[in-house]
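One structure is given below, encoded as structure tokens.
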Amino acid sequence: MDFLTKTIRLIIEGLVTGSIYSLVALGYTMVYGIIELINFAHGDIFMMGTLVTLLLVTNVFHLSNASAMPLGNLLLMLVVSFLASTVICALLGVLIERVAYRPLRNAPRLAPLISAIGVSLALEDTAKAIIGPSAVTTPPLIPLVNYSWGPILLHNTDIIVLIVAVLLMVGLQWLVTSTRIGRAMRAVAQDREAAALMGVNVDQVIAFTFLVGAGIAGAGGFFFLLWSNDTSFNIGFELGLFAFTAAVLGGIGNLVGAMLGGLAIGLIRSLMALWPETPPFGLPHGGVSWQDAAVFAILILILVFRPTGLLGQQLAEKV
Amino acid sequence: MAMLVPSQILPQTGETRRLLVKWVIAFLVPVLVFTLVWSGEAMLNAALLAIFFPANFSVSTLAAGLFMLLFYGIILGLVGYLVAADSGRQGMIDLWISMFFFTVVPILLIYITANLFVGLAASVVVWVIYYYGRRLVQLFLSSPSLPPLPSLTVLDTEMRATLTTRARLGSFWFALLFSLVWLLADLLFYFTGQYGQASLLFLIWIVLRTVLLPVAGWLLGGVGGQIAVRHALQANGNGGNGDRSDTPVSTRRLRLLSATRAREEARDLVPNDLPLRSTGARNFYIWLLVALLLFYPMIDPFLFGAGTNARLDNYANAGYYVILALGLNIVVGFAGLLDLGYVAFFVIGAYTWAMVGSPQLTVLTGIRINPEIWPWLFWPMLIVAALIAALWGVLLGAPTLRLRGDYLAIVTLGFGEIIPIVVQNLDKYTNGTNGLTGIYSPAFFGVRWNVSTSEPYYYLILVLIAIVLLANVRLRDSRIGRAWVAMREDEIAAASSGINLTRTKLLAFAAGAFFSGIAGAYYAAKLSTVASGNFSFSDSVIYLAMVVLGGLGSIPGVVVGALVVYAVNVLVLPQLDALGNDPTSIIYPIYTHILQVIPNFSFSNIRNLIFGIILVVLMIFRPEGLIPSTRRRRELHRAEFEGAEITSLDTPPGAPGFESEIHVE
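If you're matching them up, the sequences are chains A and B in order. So for the first sequence, this note's numbering puts the first residue at 32; every next one is plus one. So for the second sequence, this note's numbering puts the first residue at 10; every next one is plus one.
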């Protein structure tokens, strides 16, 4: 594979992973926007999405070879696992909010954060108890088709993920900007007490935010498994951190920012693979070994130089 | 000299006898159980044999005997103190039941299970049941809580004398009864011929002991009584009527007074409604604990039999968790900055000694050091490692200063993830995942350090913990410590009061990282190997769980939290797995059932599930932790009350029930 082909492939992979980061980042940014909490468990909800899909596909539909499966069964499997991972994760998100965050809404800042870490740990080890400590691989969920035009190599899964991610993001944007409940969400995010005085049921709106955010993360989990065919109990933690970085990069609380931030992080991570090992500017073991470090370095740099993110606005801390 | 004390402690003729009976019996049972049922007497007898028969001589046996002498001495003083300090408000039976559950039960459980941690874990279960059962019974009987402290009365010279005499009497009677029971038991042994070779020696010892113990009781009881009286003076200073024209106010007393005030602990008032929990009694416990820790390696074989080395190894490992928890407590507990990458500083500390104290130094720089001198470098490098870690703490802290708490958590998390990656990728220097091996142990005069003997490490970590504890206490009570707490409670208010936030935050980071560096260097030296794969985010979370469980900002709480988390993590969960795999154990059927449903199940695998649930439950029901610091508890409760005012309305206006939500005052 020549350099150009490799680069284009990396860009495509970066865009696909980036769009999955975006889907997860949306949940972070929505929750942060509305209750100013970093929902540490959000990445693990995503992981739960992959887990639900994995369990359905292997234990219920007994998938071994997608191309040998009748089309009807295949479609049923995909629709059922997509809906199941979305709905289960959405409900899980609401449950977590109800159990672990709502009782702490007026506690000191540290309390909900530590509670969120606790939820994250609990989810991870639940998954570990179910699928074990090592990564699990599934057979391809759909028959893989490759398209190739000159240096461009595309899989059908790439296209599906990109299209669905865009659809979900547009849908969410519409939900937040153009519906009644979206207006309520923005109102609560702006001023919870004033919103309550205007007749907004704050608890319901916050629960709805968790429902939507976790549902999108669950859908992201389904498409991630469709695209990469593997998952593990701690995938959500890492991916959650990248997604959070994406949310911060775009300006936390800003939906468009989270989407663009996700794509940017995906591209940067992917393109790090091009960084050579050879001197003079080489990294030991090449850029691949430094992908994660690069993301965290970006996170730290943004927070240092522009904590509001690229699209965020400066807000004074409330007294 | 007239002093003020609560009137109820005034000696009343009928009272003294009742108090004596109360405390003598309360202490007689546990001390007898320890001496006769468990290992107390065995230690003393072994020490006697060691003195008089050169063939049996060993320093550690002598030390065990010395420990027993210290133990009895401290107990005698404590009994005297308690008799003098008691206000007689806790009922006699009540006290006996409490003493039974908090002393006899753990002693027996540890003795039966022959395992410190399993015994303590079982005791904790018993204590929880006892605590709630007691509350239920109290509710059922609807007995009123203890009355408030009564009005103050004059404590004159005469009464001080009476109190001291009472203390002497208490300790004397306790010693007398104790030695008589012991005498009876031993005579029984003697005449049934249990003491083979040294029977004459033991006869002399038994008689001597029976005579000497009451005398010692009289003397030490006096000391205990005087301590109680001195604490009474202090109490007066804290809440008296200001009439102390005849007492010169010493600096020492003023300092004590301000410390009391700062901690706002009303229980410092002695005589106390619960003398077992008073500051004076606490000093006795601390002495007892210090003696136990110092002599532990020598008495361990008597307590638990073979396998001392492995147990000490566990305790030496638990020790660096304590240091890490204390360090993290500064950052999270005192200063309120959530640090999720604390493991990074530990890694830095570990690698500092690993790279200087192993052959890697020669590989990298070509420097050769005499292997006799090399281990000695550990001591300066301990400080250097801590300083390097502290420097990194500042470097990391500096850019995050402008950030709010939760962003800070993420940045530190990122940093904690980067450091192991960097260590792994720079394998030219650090040897990556293979790690560095052959790291030198420290050296010290006359001590044989060896990876397989744990005793030196046990004492080393004890000394390090003592230093770190002292530093922590001093930091907490210092100007900077108060600045940290002020910052934690309200940054804006703290800044308005003239606290330099930048400097204060950086100092918190530096101090936390410093202690982590110490722990890291110790870890590298003890394990003699470090590898990049040994450190991860989940370690940082474990440290956080220790601090949160024990109580954010509470030094004793954090120590206990670290020990509990370590015990659950390293000792209890693998033990449960071993039991689960053992077909003869009780939990085997349950375990196999779980395995049928979840094939990958093991208790060690769900460690984080347990800690995660503990974190959530603690945050909701007891955010101040198991042993909270007074200040933190107040802060949290205040937040609760204020929270009631600013919550949103549950019912929207116009909906039924809305009117009832609005309170006009």
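All residues carry an ideal CB built from backbone N, CA and C; glycine is no exception. Source: prediction; values computed, not measured.
Step through the CB atoms of chain B and report whether any lies within less than 7 Å of the CB of residue i.
| i | result |
| --- | --- |
| Asp323/A | yes |
| Phe327/A | yes |
| Leu342/A | no |
| Val47/A | no |
| Val335/A | yes |
| Ile266/A | no |
| Pro174/A | no |
| Asp33/A | no |
| Gly149/A | yes |
| Asp75/A | no |
With 7 Å as the threshold, decide whether the Cβ of residue i is near any Cβ in chain A.
| i | result |
| --- | --- |
| Leu471/B | no |
| Pro637/B | no |
| Gly621/B | yes |
| Pro632/B | yes |
| Met496/B | no |
| Leu158/B | In this prediction, Leu158/B scores a pLDDT of 47, lower than 50, which makes its location untrustworthy; the coordinate-derived value is nonetheless stated afterwards. No, because no Cβ of chain A sits closer than 7 Å to the Cβ of Leu158/B. |
| Tyr360/B | no |
According to DSSP, simplified to helix, strand and coil, what is residue i?
| i | result |
| --- | --- |
| Ser594/B | coil |
| Phe453/B | strand |
| Thr81/A | helix |
| Leu445/B | strand |
| Ser613/B | coil |
| His73/A | helix |
| Met229/A | coil |
| Gly202/A | helix |
| Phe92/A | coil |
| Met100/A | coil |
| Asn481/B | helix |
| Ala653/B | Unreliable placement is indicated for Ala653/B, whose pLDDT of 39 sits below 50; the coordinate value is still reported in the next sentence. Residue state, collapsed to three classes: helix. |
| Pro380/B | coil |
| Asn318/B | helix |
| Ile173/A | coil |
| Pro307/A | coil |
| Phe546/B | helix |
| Asn285/A | coil |
| Ala33/A | Sequence inspection shows Asp at residue 33/A; the Ala mentioned does not correspond to that position. Note: Asp33/A maps to coil in three-state DSSP. |
Any idea which residues DSSP pairs residue i with across the strands?
| i | result |
| --- | --- |
| Leu184/A | Ser179/A |
| Asp261/A | Thr168/A |
| Val539/B | Leu445/B |
Please work out which residues of its chain come closer than 6 Å, Cβ to Cβ, to residue i, disregarding the five sequence neighbours upstream and downstream, and give them in chain order.
| i | result |
| --- | --- |
| Tyr132/A | Pro143 |
| Leu91/B | Trp32, Pro284 |
| Tyr35/B | The residue you asked about is not Tyr; residue 35/B is Ala in the sequence shown. Cβ within range, chain order: Leu104, Trp105, Met108. |
| Ala418/B | Leu347, Leu349 |
| Thr38/A | none |
Apart from the five residues on each side of it in sequence, which residues of its chain come closer than 8 Å, Cβ to Cβ, to residue i?
| i | result |
| --- | --- |
| Ile603/B | Phe610 |
| Ile121/B | Gly128 |
| Phe43/B | Gly49, Ile116 |
Residue i: beta carbon under 6 Å from a heavy atom of the ligand MN?
| i | result |
| --- | --- |
| Gly328/B | Absence of the ligand MN is noted for the structure shown, with no ligands found whatsoever. |
With distances taken Cα to Cα, identify the nearest neighbour of residue i among the options.
| i | options | result |
| --- | --- | --- |
| Tyr438/B | Gly425/B, Gly490/B, Thr371/B, Asp499/B | Thr371/B |
| Leu87/A | Ser98/A, Ile69/A, Leu68/A, Ile119/A | Ile119/A |
| Trp385/B | Val133/B, Gly179/B, Ala452/B | Ala452/B |
| Pro170/A | Ala97/A, Gly340/A, Leu302/A, Gly297/A | Ala97/A |
| Phe77/A | Trp321/A, Phe253/A, Leu302/A | Phe253/A |
| Leu242/A | Tyr52/A, Leu302/A, Ile161/A, Leu57/A | Leu57/A |
| Phe424/B | Val110/A, Leu272/A, Ile69/A, Val130/A | Leu272/A |
| Met303/A | Leu193/A, Ala324/A, Thr117/A, Leu152/A | Ala324/A |
| Met61/A | Leu298/A, Gly318/A, Val207/A | Val207/A |
| Ile42/A | Ile331/A, Arg300/A, Gly313/A, Gly317/A | Arg300/A |
| Leu294/A | Trp306/A, Glu308/A, Phe275/A, Asn177/A | Phe275/A |
| Val569/B | Leu585/B, Leu582/B, Tyr552/B | Tyr552/B |
| Ser180/B | Thr374/B, Gly444/B, Arg143/B, Ala94/B | Ala94/B |
| Leu106/A | Thr117/A, Ser116/A, Phe92/A | Phe92/A |
| Phe620/B | Ala576/B, Gln584/B, Asn590/B | Ala576/B |
Once you ignore the five residues that flank residue i on each side, which residues in its own chain have a CB closer than 7 Å to its CB?
| i | result |
| --- | --- |
| Glu649/B | Interpretation of Glu649/B is limited by its pLDDT of 46, a score under 50 that renders its predicted location unreliable; the figure taken from the coordinates is listed afterwards. Closer than 7 Å at the Cβ level, and outside the excluded window around Glu649/B, lies no residue. |
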